[in-house]
């Protein structure tokens, strides 16, 4: 445990030292992973799949604000869907527009949850997102997580029903449109997942605020159990074709992941080095403010113990 | 001579101004009613756009039936129900945004109070230095 704590301190030190380069790097990585995932699951437009395009977009996002990653991901998704079918692109555009107009105006901070939820769905670990958002966010984060889930189910339904959509005639645009809308609105698995995620975010949030020992751990476990319960109940009621083994393994994994995140991310203040400039009547100040580290990582010191020559000589004489 | 205490205070204030403070100062420039009113008007515009999109989707979904029935249906009644739904939708959204922005304004004002106190402290330090 001590080793872990020391490692965390070193990580913190390292981050605050190189924050200027690390943040853009992480943004670059996040965009790259997102784009690769999108391209591999709905890669209909070959132009968007080219490595230079992906790299340029990721590089661009590394210096832009976090919300731009969401915009780029939405744009790329729309591009692929447009190539696949006009009607699907239209429906997806409406979903994105409603999301941006109605919800993302309010909570710019939570936007990343809208991106992370579909991403974790694709990585098969969706259950970690509500727990993590409950731990760091507010009850309102439930809306972000739900929006992310809606986006995922919308797009995955379109991709899943590609063989059926291809059988429609050329002039059957309205039928296609109706088929997509019916499919999305009638997706019971989506509603059950939404209910589970919203409940988990809210419950985790309220439990982790309780003033009891291990509130965070209790919150995580309760959140995961609640997700399992709601999803199983939904499966029984509406027959959502849920894989029970996947659900249980996924939930266990999400608790472990949440615990790791808690240790390394949520409970650590990665206070950043600040660069500020100001002036008074006499001077210009260019200040670099470095956060103080309260617990210093112990430095290894090698101490050589030399036996005095006199003692060695005496020992030899005794022999 | 550099006054270290003053520089520390100025640095802390500059840090605040750079991130959180910028937004709060922008909010603090408004009177309470003006800020919340403006945001609610923006919300109403957003809600209107969203409603128009939803309505267009609704019509498109049943376009054939709608076109066939357009001469038979009670257009006045249809328009009335569309407007009633619009009003309910917009009012609900405006109410939510009223709550959100009232909370934000109060929070920003509270945070600015500390900032203004620090400004006063800074002015006091300057006064003391010039008297010396």
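Chains as they are written, first to last, in our numbering: chain A, 4 to 322; chain B, 113 to 244. Every residue gets a Cβ at the ideal spot worked out from N, C-alpha and C, and that includes glycine.
| query | When you compare each of A:266, A:147 and A:42 to residue 105 (chain A) by their alpha carbons, which one comes out closest? | reply | To locate residue 105 (chain A), count along the first chain from 1; it is residue 102. The shortest C-alpha separation from residue 105 (chain A) is found at A:147.
| message | Does residue 49 (chain A) pass the burial test, meaning 16 or more other C-beta atoms within 10 Å, or should it be called exposed? | response | Here residue 49 (chain A) corresponds to residue number 46 of the first chain, with the count starting at 1. Exposed, by the Cβ-count rule.
| request: Could you confirm whether any beta carbon from chain B is found closer than 7 Å to the beta carbon of residue 153 (chain A)? | output: By 1-based counting over the first chain, the position of residue 153 (chain A) is 150. Residue 153 (chain A) does not count as touching chain B.
| message | Check whether the stretch 200–213 of chain B and the stretch 146–165 of chain B are in contact - that is, three or more C-beta pairs closer than 8 Å. | response | yes
| query | Roughly how many angstroms separate the alpha carbons of residue 127 (chain B) and residue 279 (chain A), rounded to a whole number? | reply | As a position in the second chain, residue 127 (chain B) is number 15, starting the count at 1. As a position in the first chain, residue 279 (chain A) is number 276, starting the count at 1. Answer to the nearest angstrom: the Cα atoms are 7 Å apart.
| said: If I follow the unbroken alpha helix (DSSP H) through residue 152 (chain B), where does it start and stop? | reply: One-based indexing of the second chain puts residue 152 (chain B) at position 40. Element bounds for residue 152 (chain B): 144–173.
| query | Could you give the distance in angstroms between the alpha-carbon of residue 289 (chain A) and the alpha-carbon of residue 282 (chain A)? | reply | The residue given as residue 289 (chain A) occupies position 286 in the first chain. The residue given as residue 282 (chain A) occupies position 279 in the first chain. About 9 Å.
| field | Candidates A:202, A:182 and A:117: closest to residue 142 (chain A) by CA position | value | Reading the first chain from its first residue, position 139 is the one you call residue 142 (chain A). The residue with the shortest Cα to Cα distance from residue 142 (chain A) is A:202.
| said: Tell me the DSSP secondary structure of residue 292 (chain A) in three-state form. | reply: Residue numbering aside, residue 292 (chain A) sits at position 289 when the first chain is read from its first letter. Reduced to three states, the DSSP call for residue 292 (chain A) is strand.
| Spatial distance of residue 116 (chain A) from residue 151 (chain A) (CA atoms) | Start at 1 with the first residue of the first chain, and residue 116 (chain A) comes out as number 113. Start at 1 with the first residue of the first chain, and residue 151 (chain A) comes out as number 148. Rounded to the nearest whole angstrom, the C-alpha separation of residue 116 (chain A) and residue 151 (chain A) is 7 Å.
| Start and end residues, beta strand (DSSP E) containing residue 279 (chain A) | Translated into the one-based positions of the first chain, residue 279 (chain A) becomes position 276. Per DSSP, residue 279 (chain A) belongs to the beta strand (DSSP E) from 277–282.
| said: Quick check: is the beta carbon of residue 92 (chain A) nearer than 7 Å to any beta carbon in chain B? | reply: Position 89 of the first chain, counting from 1, holds the residue named residue 92 (chain A). No, residue 92 (chain A) does not count as interfacial toward chain B.
| task | For residue 41 (chain A), I'd like the list of residues in its chain whose CB is within less than 8 Å of its CB, leaving aside the five on either flank, ordered along the chain. | result | Here residue 41 (chain A) refers to the residue found at position 38 when the first chain is read from its first residue. Within the same chain, residue 41 (chain A) has close Cβ partners 76, 79, 80 and 83.
| said: Alpha carbons only, please: which of A:314, A:231 and A:52 is nearest the one belonging to residue 258 (chain A)? | reply: Along the first chain, read from residue 1 onward, the residue named residue 258 (chain A) stands at position 255. Out of A:314, A:231 and A:52, A:231 has the C-alpha closest to the C-alpha of residue 258 (chain A).
| message | At the level of alpha carbons, what is the spacing between residue 9 (chain A) and residue 303 (chain A)? | response | Here residue 9 (chain A) refers to the residue found at position 6 of the first chain. Here residue 303 (chain A) refers to the residue found at position 300 of the first chain. Going from the Cα of residue 9 (chain A) to the Cα of residue 303 (chain A) covers about 12 Å.
| query | Hey, is residue 223 (chain B)'s beta-carbon within less than 7 Å of any beta-carbon in chain D? | reply | Annotation note: the requested chain D is absent from the structure, which comprises protein chains A and B.
| request: Please list the partners that residue 74 (chain A) has in chain B, where partner means a Cβ-to-Cβ separation under 8 Å. | output: Against the first chain, residue 74 (chain A) aligns to sequence position 71. For residue 74 (chain A), none of the residues of chain B pass the 8 Å Cβ criterion, the least Cβ distance being about 17 Å.
| message | Strictly under 7 Å for the Cβ-Cβ distance: is residue 184 (chain A) near chain B by that measure? | response | For the purposes of this step, residue 184 (chain A) is taken as the residue at position 181 of the first chain. Yes, contact with chain B.
| task | Output yes or no for whether 7 Å exceeds the beta carbon distance between residue 208 (chain A) and residue 137 (chain A). | result | Here residue 208 (chain A) is taken as the residue at index 205 of the first chain, counted from 1. Here residue 137 (chain A) is taken as the residue at index 134 of the first chain, counted from 1. Cβ distance < 7 Å, so residue 208 (chain A) and residue 137 (chain A) count as in contact.
| said: Just verifying my parser: in three-state terms, what is the DSSP assignment at residue 130 (chain A)? | reply: Here residue 130 (chain A) is taken as the residue at index 127 of the first chain, counted from 1. DSSP places residue 130 (chain A) in coil when its eight states are reduced to three.
| Could you give the distance in angstroms between the alpha-carbon of residue 37 (chain A) and the alpha-carbon of residue 185 (chain A)? | In the first chain, counting from the first residue as 1, residue 37 (chain A) sits at position 34. In the first chain, counting from the first residue as 1, residue 185 (chain A) sits at position 182. Taking the straight line joining both Cα atoms gives about 28 Å.
| query | Quick check: the stretch 205–219 of chain A against the stretch 121–128 of chain A, are there 3 or more CB pairs under 8 Å? | reply | No: fewer than three Cβ pairs fall under 8 Å.
| message | Under 8 Å, with one C-beta from each stretch per pair, do the stretch 170–186 of chain A and the stretch 88–103 of chain A reach the 3-pair mark? | response | Proximity of the stretch 170–186 of chain A to the stretch 88–103 of chain A meets the contact definition, three or more beta-carbon pairs being nearer than 8 Å.
| request: Flag residue 342 (chain A) as yes if its beta-carbon sits less than 7 Å from any beta-carbon of chain B, otherwise no. | output: The structure shown has nothing for residue 342 (chain A), since chain A only spans 4 to 322.
| request: Using 10 angstroms around the beta-carbon of residue 20 (chain A), count the other beta-carbons present and answer buried if the total reaches 16, otherwise exposed. | output: Numbered from its first residue, the first chain carries residue 20 (chain A) at position 17. Its Cβ having fewer than 16 others within 10 Å, residue 20 (chain A) is exposed.
| From residue 255 (chain A) to residue 226 (chain A), what distance separates their C-alpha atoms? | Numbered from its first residue, the first chain carries residue 255 (chain A) at position 252. Numbered from its first residue, the first chain carries residue 226 (chain A) at position 223. Cα-Cα distance, rounded: 11 Å.
| query | In terms of residue numbering, what span does the alpha helix (DSSP H) encompassing residue 221 (chain B) cover? | reply | The residue given as residue 221 (chain B) occupies position 109 in the second chain. Secondary structure note for residue 221 (chain B): its alpha helix (DSSP H) is the uninterrupted segment 187–243.
| request: Can you say whether residue 181 (chain B) is buried or exposed, counting buried as having 16 or more other CB atoms within 10 angstroms of its CB? | output: Here residue 181 (chain B) is taken as the residue at index 69 of the second chain, counted from 1. The residue is exposed, with fewer than 16 neighbouring Cβ atoms inside 10 Å.
| field | Pick from B:211, B:122, B:235 and B:159 that is closest to residue 102 (chain A), judged by C-alpha positions | value | Taking the first chain and counting its residues from 1, the one referred to as residue 102 (chain A) is at position 99. That would be B:159, whose Cα lies nearest to the Cα of residue 102 (chain A).
| query | In the structure shown, what three-state DSSP assignment does residue 85 (chain A) receive? | reply | Walking along the first chain from the start, residue 85 (chain A) turns up at place 82. The three-state secondary structure of residue 85 (chain A), taken from DSSP, is helix.
| field | Bounding residues of the alpha helix (DSSP H) (the contiguous stretch that carries residue 220 (chain A)) | value | Against the first chain, residue 220 (chain A) aligns to sequence position 217. Residue 220 (chain A) -> alpha helix (DSSP H) spans 218–241.
| request: Report back the beta-carbon spacing between residue 11 (chain A) and residue 267 (chain A) to the nearest angstrom; my notes put them in contact at under 8 Å. | output: What you label residue 11 (chain A) is simply residue 8 of the first chain in a count that begins at 1. What you label residue 267 (chain A) is simply residue 264 of the first chain in a count that begins at 1. About 6 Å; that satisfies the 8 Å criterion.
| said: Output needed in chain order: residues of the stretch 202–214 of chain B with a Cβ under 8 Å from some Cβ in chain A. | reply: 205, 209 and 212
| task | Could you please give the first and the last residue of the uninterrupted alpha helix (DSSP H) stretch that includes residue 6 (chain A)? | result | The count along the first chain starts at 1 and reaches residue 6 (chain A) at position 3. Taken as a continuous stretch (DSSP letters only), the alpha helix (DSSP H) holding residue 6 (chain A) covers 5–45.
| Backbone secondary structure at residue 287 (chain A) - three-state DSSP | For this step, residue 287 (chain A) is matched to residue 284 along the first chain. Three-state result, residue 287 (chain A): strand.
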